[in-house]
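Numbering-wise, the sequence shown is residues 8 to 162 according to my numbering. Only one structure is covered here, and it is reproduced in the block below.
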Amino acid sequence: MALGELHYEQPPSAPLLQRWVDAIVAAAVAQGAKPPASTPEAGESPAAWAQRIDLPDGIAADAAARVLDAPFVESLIDYRPVAEFVGQFPISFARQHAVLGCVEGDGIALAMSGIDAWPVLDRVARILHEYPKPVFAPREQILRAINSAYERQSS
């Protein structure tokens, strides 16, 4: 599914909104959390709804992965940072967007905490000359991995 079809920040079509609602409910159940008791109000975007119901970051990231048919991981412990990412992108950029380039097989994955970081994929691809595979993870896990990666780089 293309990002332009998602409209996470804007009210989407009824079928797409239902897809987001279903993904958020499925993510909550998968993580052992109580599914949201409410649904988006008329004209409310999935992002605004998620914020209104105070949806935990991990559930939001899992839901984005489900909608985009991308992997979701609870932790980045098995992912090694890409040295070129750490060398080319300042820590402020990585923290602001909650993204980290990681080694995945013979390629690169971009760990991201939500759909709002999707446009960063193109920027990373231009700089690193390789299009990264999106991988969603909880924001706190990504920030922890960012701090660790940049700390290792500076020592």
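The C-beta atom is built at its ideal place from N, Cα and C for all residues, glycine as well.
* Does the beta-carbon of I134 have 16 or more other beta-carbons within 10 angstroms, so that it is buried, or is it exposed? -> The residue given as residue 134 occupies position 127 in the sequence shown. Classification of I134: exposed, given that the 10 Å Cβ count is below 16.
Enclosing alpha helix (DSSP H) for V110 [first to last residue]
By one-based count along the sequence shown, residue 110 stands at place 103. Per DSSP, V110 belongs to no alpha helix (DSSP H); it is in the beta strand (DSSP E), 106-111.
Given R87, which residues of its chain have a CB within under 6 Å of its CB, disregarding the five upstream and five downstream residues?
Within the sequence shown, the letter at position 80 stands for residue 87. V110.
### Query
Can you tell me the Cα-Cα spacing of E51 and Q148, whole angstroms?
Within the sequence shown, residue 51 is the residue found at index 44, counting from 1. Within the sequence shown, residue 148 is the residue found at index 141, counting from 1. E51 and Q148: Cα-Cα distance of roughly 28 Å.
With C-beta atoms as the reference, is Q38 less than 7 Å away from V93?
What you label residue 38 is simply residue 31 of the sequence shown in a count that begins at 1. What you label residue 93 is simply residue 86 of the sequence shown in a count that begins at 1. Judged by their CB atoms, Q38 and V93 are not nearer to each other than the 7 Å cut-off.
| message | According to DSSP, is I60 part of a helix, a strand, or is it coil? | response | Position 53 of the sequence shown, counted from the first residue, corresponds to residue 60. Note: I60 maps to coil in three-state DSSP.
*asked:* For a test of the three-state rule: what should DSSP assign to P88, helix, strand or coil?
replied: Start at 1 with the first residue of the sequence shown, and residue 88 comes out as number 81. In the three-state reduction of the DSSP assignment, P88 falls in the strand class.
Practice problem: On a CA-only basis, which of L62, A55, V142, R73 is nearest A7? Give me that one, please. | Solution: There is no way to answer for residue 7, as the model of the chain reaches only from 8 to 162.
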